[in-house]
Amino acid sequence: MEESQKHLQRNKWFDFDMELPSPFQLEQAVCSHGLFMMPPNHWDPLSKTLIRPLRSSPSSFLVSLSQHSQSLAVRVHATHALSPQQQNHITAQVSRMLRFSEAEEKAVREFRSLHVVDHPNRSFSGRVFRSPTLFEDMVKCILLCNCQWPRTLSMAQALCELQLELQNGSPCTIAVSGNSKGESEGFIPKTPASKETRRNKVSTKDNGDSEELRSHDSCHEFSNGNEYFSRTGNFPSPSELANLDESFLAKRCGLGYRAGYIIELARAIVEGKIQLGQLEELSKDASLSNYKQLDDQLKQIRGYGPFTRANVLMCLGYYHVIPTDSETVRHLKQVHSRYTTSKTIERELEEIYGKYEPYQFLAFWSEVWDFYETRFGKLNEMHSSDYKLITACNMRSTTNKRKRPSRKCQC
1 MEESQKHLQR NKWFDFDMEL PSPFQLEQAV CSHGLFMMPP NHWDPLSKTL IRPLRSSPSS
61 FLVSLSQHSQ SLAVRVHATH ALSPQQQNHI TAQVSRMLRF SEAEEKAVRE FRSLHVVDHP
121 NRSFSGRVFR SPTLFEDMVK CILLCNCQWP RTLSMAQALC ELQLELQNGS PCTIAVSGNS
181 KGESEGFIPK TPASKETRRN KVSTKDNGDS EELRSHDSCH EFSNGNEYFS RTGNFPSPSE
241 LANLDESFLA KRCGLGYRAG YIIELARAIV EGKIQLGQLE ELSKDASLSN YKQLDDQLKQ
301 IRGYGPFTRA NVLMCLGYYH VIPTDSETVR HLKQVHSRYT TSKTIERELE EIYGKYEPYQ
361 FLAFWSEVWD FYETRFGKLN EMHSSDYKLI TACNMRSTTN KRKRPSRKCQ C
């Protein structure tokens, strides 16, 4: 294809609008949980635009979202038209990310009626950002466990880079289950497995060099969406991960033991042993009996301990359980001056947040998010290269120099 034809192809797009609930602010809905910082999500603080790839079988499209008054402007890049089915697929994924449903709107209203009286000035709206698919949420909840935030970000980035390589048929596709150890080790991982990483670069497919991940300066830069997509890739699907060799995936993406959990999950979904649609359907009625049923089903999946399950169930719309790990303990000690331990944490969470039932997590998270913004500034204005600064070390009180031993959560 000639260069002029390539240019025309890159600069095609298809626009449509989605009706928004009222009140609604896109930056509050997106920048409400660390999931928004994890690739392939990319938030541009200047234009207040979210950009990421979304799937519509058999293709993936780069999609950017921005708010125009009371409508959500959806731009699908590199195409002049979508079939009704493709548009429905994209609309459903956008709705899932931003929690556009009657049940979620009801939860937002009820939480705000309970909470805004006590904390009228907090930016948290009660709407928690999540992924376009339950599979992506489930994998990212594994990435949140037993490591610091920079490592979580680097693992998500590496998975998206791997997806691009798998999609383009690069040499890494030889590392499937059953291949030799030599084949797996022959592919050099791009993401280190260390607990903390300073890596904030992404690969460029064209020349093999690296360039710093930067915020786009305006929506105009999003018009050439394929360039961003060509560097980042989408989050891998179950079918893309199911046949990979565990040692290859662990090394390539710096996942460590998590690689086995992720591959087992992907295979179970591909083989029909785990029905994500059924889990989503069951979560539409956020009753305690359904919570117990979902929790019991998640317990059967290797790698899903109490902390990870609670995060997945939060993504499914259950807000009465607060995921507990060392960061939860740190928060109660630092903000509430509690001498919290693993034995006392459940009781103390109930004492502090029980009055917001069944939205205890939303009350807790509103407080955590407010603490982050007090310490680091407005997170919807933060440059993506600074996301890695949100670490436990940087959140500890400067007046408390006592070293606290780390405690792994029961993921």
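Residues in the sequence shown are numbered from 1 upward in steps of one, following the UniProt record's numbering. The beta carbon of each residue, even a glycine, is placed where N, CA and C say it ideally should be.
- As a beta-bridge residue in DSSP terms, I51 pairs with H42 and S64.
- One Cα belongs to H77, the other to A363, and the distance between them is close to 37 Å.
- Scanning its chain for C-beta atoms nearer than 6 Å, with the 5 sequence neighbours on each side dropped, one finds around A266 the residues P238, L241 and A242, in chain order.
- For D295, the uninterrupted alpha helix (DSSP H) segment begins and ends at L288 to K299.
- D370: not part of any beta strand (DSSP E); member of the alpha helix (DSSP H) spanning Q360 to F376, first to last residue.
- For E280, the CB contacts under 8 Å within the same chain, skipping 5 residues up- and downstream, are L134 and L316 in chain order.
- Ranked by Cα distance from S66, the first of E102, E27, P40 and S60 is E27.
- A straight-line Cα-Cα distance of about 14 Å links K299 and A268.
- Residues of the same chain with a CB within less than 7 Å of the CB of K284, apart from the 5 flanking positions on each side, are A103 in chain order.
- Residue S32 holds the alpha-carbon nearest to the alpha-carbon of E373 among E346, S32 and A158.
- Counted as a single uninterrupted DSSP element, the beta strand (DSSP E) harbouring F14 occupies residues W13 to E19.
- The Cβ atoms of L62 and R130 do not sit closer than 8 Å to each other.
- According to the DSSP secondary-structure assignment, S59 is paired through a beta bridge with S56.
- In this structure, A156 lies near P39, with their beta-carbon atoms less than 8 Å apart.
- Nearest to V139 by alpha-carbon distance, out of F235, H115, D44 and F100, is F235.
- Spanning the alpha carbons of N168 and A310 requires a straight line of approximately 36 Å.
- In the three-state DSSP reduction, S71 falls in the strand class (E or B).
- Per DSSP, the continuous alpha helix (DSSP H) segment holding Y353 begins and ends at I345 to Y353.
- In this structure, DSSP gives L255 a state outside helix and strand, which the three-state scheme calls coil.
- Judged by pairs of C-beta atoms under 8 Å, the region 109-116 does not touch the region 320-327, as fewer than three such pairs exist.
- In the DSSP assignment, V76 forms a beta bridge with F14 and V63.
- Secondary structure of L244 (DSSP, three-state): strand.
- In summary, E351 is exposed, with fewer than 16 beta-carbon neighbours lying within 10 Å of its beta-carbon over all protein chains present.
- DSSP, read as helix, strand or coil, puts Q275 in coil.
- Cα atoms of L349 and V94: separation of roughly 32 Å, rounded to the nearest angstrom.
- With a threshold of 16 other beta carbon atoms within 10 Å, V368 meets it and is buried.
- Non-local beta-carbon contacts of P323 in its own chain, meaning distances under 6 Å to residues more than five positions away in sequence, involve F307, A310 and N311 in chain order.
- Just so you know, the alpha carbons of F376 and R122 end up roughly 15 Å apart.
- Here I390 has W149, Y372 and F376 as same chain residues with Cβ atoms under 7 Å from its own Cβ, once five neighbours each way along the sequence are excluded.
- Secondary structure of L316 (DSSP, three-state): coil.
- DSSP places E102 in the uninterrupted alpha helix (DSSP H) bounded by E102 to H115.
- Setting aside the 5 residues that flank it on each side, S64 is surrounded in the same chain by T49, I51, R75 and F222, each with a C-beta closer than 6 Å to its C-beta; the list follows chain order.
- Between D245 and G303, the alpha-carbon positions lie close to 18 Å from each other.
- For S154, the closest alpha carbon among the candidates S366, R252 and M18 is that of R252.
- Under the three-state reduction of DSSP, M395 is assigned to helix.
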